[in-house]
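Protein sequence lines, in the order shown, are assigned to chains C and F.
The first sequence begins at 549 in this note's numbering and counts up by one.
The second sequence begins at 73 in this note's numbering and counts up by one.
In this text, a Cβ means the ideal position worked out from N, Cα and C, and glycines have one as well.
Bear in mind that the values here come from a model prediction, so they are computed numbers and not experimental data.
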Amino acid sequence: MKRKWLSLALGAILSMSVSLAACSNSAPTQAPQAEPAKPAEQPAPSAAQKTGSDTLVVAITSDQGTLDPAVTMDNSAWKITYPTYERLVEYDGASTEAKPGLAREWSVSPDGLQWTFQLEEGHTFADGTPVTAEAVKFTFDRILKIKKGPSEVYSVIKEVKVESPTKVTFVLTNNFPPFLSTLAANYGGIVNPKVKEKEQNGDLGQGFLAGNTMGSGPYQLSEYKKGEYFKLTVNPHYKKQPAIKTVYFKITPDPTAQRLQLEQGEVDIAEGIPVEQLKSLKDSAQGIELIQKPSLFVDYVYINTSKGNPALQNPKVRQALSYAVDYEGLTDAVQEGYATQMRGPIPQGLWGHDDNAFQYKHDVEKAKALLAEAGVSNLTLDLLYSDNKPWWETEALSLQAFFAEIGVKVNLKKIAYATSREMIDKGEFDLCLGVWSPDFGDPYMFMNYWFDSKNFGLAGNRAFYKNDKVDSLIRRAATVNDQAERTKLYQEAQKIVIEEAPYIYLYQKDFLLPVSKNLKGFVYNPMLEGIYNVQDMSK
Amino acid sequence: MKQLIAKRLSLVVFVLFGVTLLTFLLSHVIPGDPAQMMVGQRANEETLREVRHQLGLDQPIWVQYFTYLKGLLAGDFGLSIRTQKPVIDDLLTFFPATFELVFFAFLLALIVGIPIGILSAVRKDTGWDHAGRIFSIAGVSTPVFWSGLVGILLCYKILGILPSGGRLDLNVAAPTKITGLYVLDSILTGNWAALKNSLWHLILPTIVLSYAQLAVISRQVRASMLEVLGQEYIRTALANGISGAVLLFRYALRNALIPTVTVVGLSFGSLLGGAVVTETIFGWPGMGKYVVDSIAFLDFPAIMGFTFIIAVGYVVINLLVDLTYYLLNPQIRQ
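This is the structure in structure tokens:
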């Protein structure tokens, strides 16, 4: 027996020595890697490669798809492309209103059909070619020819006319007030017409721009190592040279590895740390700041008002479900309290939001009474959700518990993301979890997408909700130019859709980002979720 | 020998054809539409139709399959829906990374696992045997996501002697691409900085991955060694005065390795596509991570290309296993 224990101990020592030997063997190879620029900051050999003062390293969770602004609709790819292109108009600082960008000024005809932009001179693409009205025309013609996601946003464009090298006019098919905001989104990035030289088999340069950039922004993509990192360096022709000269978007899929790298100063911004780890990170780690801002990113439940369980066609049942939710408990459980309950569809922080709109609150008795009034009992509903958002599992379980309190049984249906999208499009669900964030700063993004009966399915009206009054109000709001008038129309429509509850308006998520304290100048713009104003940052 | 290889290679064509057909059918029966994934959150029917048309998804499935097969025969794996780039480019980037990791992990697992197996067999039921078994079973029972994180915590955060992940530091340029295997390429091009750095990055993931494979090898070696050692020819050899290392290595081990080769070969093959967790934790830009992302996006061409490469990998490994048999076992040669 004694011998057995002895050998066990020997075995343990053996195993430890193997791993330790492996670790210590590596020490000599590591030494030459210490950064030569800052030897004083590394008194002891350290595995962490601290970032230099003109270098920004952002840890991102996964590799990106195509980077072509005329193709990508994925805002995680936008963080890489946005600083490499310029747009006619831009979001400035934290404001959600469009400000001059490439265009110095602009005017719109009274009927809203002609938008004329006067370009500011002196903007240059990274290869030295000046940005002209021709390039603007080229960009939008290209988007419309490629006919992918962004072309739908610009389907109102009838023609782009070059008036002079610095003046360009967009002719629209119908009045579309949000047009200006769409130009500030990533797909409005002006592309160097020289991309034509990179065309292969008539792809209009899609193959090339999938992994390269050709814009006039402060940066350009200078290296892309698949699965490893994207490296941006400055555009030498950009007027105001930024303090940060090199930006790495480093792909680090594991959240814990990201956290350790942030703590060691190897990365400056870590995007993939889940909310439950952020709290402890904030308390424990020095040198890390947690940025917290209200965002326009909302989380809500689609109630299928026409193709799901017939009971859901009754507004009273939908109201009952809205009353059944303990909103505060939910945001605490799912978002650690970093969220605010919605008040109707238009989130706080976007114009058109109504501070006095009706807000549902947790009221089990009222919910039960509404169900009784509707004559509904023993209701069983399917709740669809996917693995797209990590918190949906907890959220679905919480909702199941809330609805059980009012006697509604919920079956949870977790489906692969791609499949869930098809089911949403076809309306094959009773209830479904969803998120939404606006591409441009206009309540149109919420009201017209969510409630117009022309947009059934994935396009936006995922509740398959139809109300003629709402249709006419929001359609009018989309063609009037006066913002006060539009606000009034949207608020009137909002009253109806809160009352009729085709969605359960859950919460607006806070934007949370742990960054290194050395980093200065980061400004969060709710319109540019996940996009960094690198050109204004310094260390 | 040549005949054997020729026979095996002719079968490969059928195997690969079957693999492409099955994968194609399976990936297309799953409900879900890559066109929808591509056009973003919100899209109208018209745009969707256009994108489906551009991707050829509006064709009948058999037309899609034959178009794909035709391309494949010409060496064209198609365009990835997600990255809009030729799938072959992606595979040629990610495969070497995985291969390099798995190769070093197996090398380490063999170097440590075979001696443990031999020791356990020779000193059966002693403390050495138990210690060896506990050591290797602990490896196979420890989930990689845990041992990987503990490794990073210990060697990166606390001791500060190893990097937390990736193949190279951001400020070290990759060696000129010849094979895509950084260690080999940097030796071939004499890029010693890249060699040191890539080896340094390999240490931790290699240890973690190999520790998980160790038990497979050491248990197999132990079992077959025990069986061989009990056989009559060993007793005969002993009676003839052969003992010690010669008996162990020339007489026993050679025969004991035959079943081990099969097990090792197959688990090597499975790791090529299945080292996802290790790759994720160490930010290793390999095939596993790539294919998981592709499946989530229903990127058919990428999924097909990946399966094809893995199938080829399996076939090659099986062939190598058979050839090793051939070398180890003279009976097969006749």
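- Rounded to the nearest whole angstrom, the CA to CA distance from L661(C) to P986(C) is 24 Å.
- Exposed is the label assigned to G750(C), since fewer than 16 other Cβ atoms lie within 10 Å of its Cβ.
- With respect to the 7 Å criterion, Y850(C) and G982(C) are classified as neighbours on the basis of their beta carbons.
- In the DSSP assignment, Q136(F) falls within the alpha helix (DSSP H) that extends over I133 to L145.
- With respect to chain F, the C-beta atom of E1048(C) has no partner C-beta closer than 7 Å.
- In the three-state reduction of the DSSP assignment, N740(C) falls in the coil class, being assigned neither a helical nor a strand state.
- Residues of the region 966-982 of chain C with a C-beta less than 8 Å from any C-beta of chain F: A966, T967, R969, E970, M971 and D973, listed in chain order.
- Apart from sequence neighbours up to five positions away, the residues of its chain that approach F724(C) with a beta-carbon distance below 8 Å are G660, V704, A1026 and T1027, ordered along the chain.
- G613(C) is positioned such that its CB atom lies no closer than 7 Å to that of R124(F).
- The continuous stretches of beta strand (DSSP E) do not include W626(C), which lies in the alpha helix (DSSP H) extending over residues N623 to T629.
- Just so you know, the alpha carbons of D990(C) and Y933(C) end up roughly 27 Å apart.
- Note on geometry: alpha-carbon atoms of V823(C) and L979(C) lie some 25 Å from one another.
- In the three-state scheme derived from DSSP, where H, G and I count as helix and E and B as strand, I160(F) is classed as helix.
- Separation of A944(C) and L179(F) (C-alpha to C-alpha, rounded to the nearest whole angstrom) is 46 Å.
- Q285(F) has a beta carbon lying at 7 Å or more from every beta carbon in chain C.
- DSSP places D831(C) inside the alpha helix (DSSP H), whose first and last residues are V823 to S832.
- A straight-line Cα-Cα distance of about 15 Å links V216(F) and L226(F).
- N116(F) has a beta carbon lying within less than 7 Å of a beta carbon in chain C.
- K1017(C) and I1044(C) have their C-alpha atoms roughly 9 Å apart.
- Taking a beta-carbon distance threshold of 7 Å, G150(F) does not count as an interface residue toward chain C.
- Measuring C-alpha to C-alpha distances from A181(F) to each of Q108(F), L81(F), F378(F) and V280(F) identifies V280(F) as the nearest.
- When the Cα atoms are used, V336(F) and P158(F) turn out to be separated by approximately 33 Å.
- Any Cβ of chain F closer than 7 Å to the Cβ of A733(C) would place that residue at the interface, and such an atom is absent.
- Counting C-beta atoms within 10 angstroms of its own C-beta, N722(C) has fewer than 16 neighbours from the protein chains shown and is therefore classed as exposed.
- S870(C) sits buried, since 16 or more C-beta atoms from the chains shown fall within 10 Å of its C-beta.
- 7 Å or more divides the Cβ of I608(C) from the Cβ of F727(C).
- Around L310(F), the same chain offers L319 as residues with beta carbons nearer than 8 Å, after the five sequence neighbours per side are excluded.
- Within the same chain, and ignoring the five residues on either side of K693(C) in sequence, the residues whose Cβ sits closer than 7 Å to its Cβ are L752.
- Shown here for L960(C): same chain residues with a beta carbon closer than 7 Å to its own, the five before and five after excluded, namely L931, A944 and Q948 in chain order.
- Bounds of the alpha helix (DSSP H) holding P863(C) are P863 to A872.
- Minimum Cα-Cα distance from K793(C) among the listed residues Y777(C), E776(C), P801(C) and Q768(C) corresponds to Q768(C).
- For V619(C), the residues of chain F that pass the 9 Å Cβ criterion are M110 and Q156, in the order they occur in the chain.
- Ranking F718(C), T853(C), E771(C) and N623(C) by CA distance to the CA of F665(C) puts F718(C) first.
- Between D689(C) and V708(C), the alpha-carbon positions lie close to 8 Å from each other.
- In the same chain as T396(F), and ignoring 5 residues on each side of it, the C-beta atoms closer than 6 Å to its own belong to V333, in chain order.
- Of all C-beta pairs linking the region 261-273 of chain F to the region 238-249 of chain F, three or more are shorter than 8 Å, placing the two stretches in contact.
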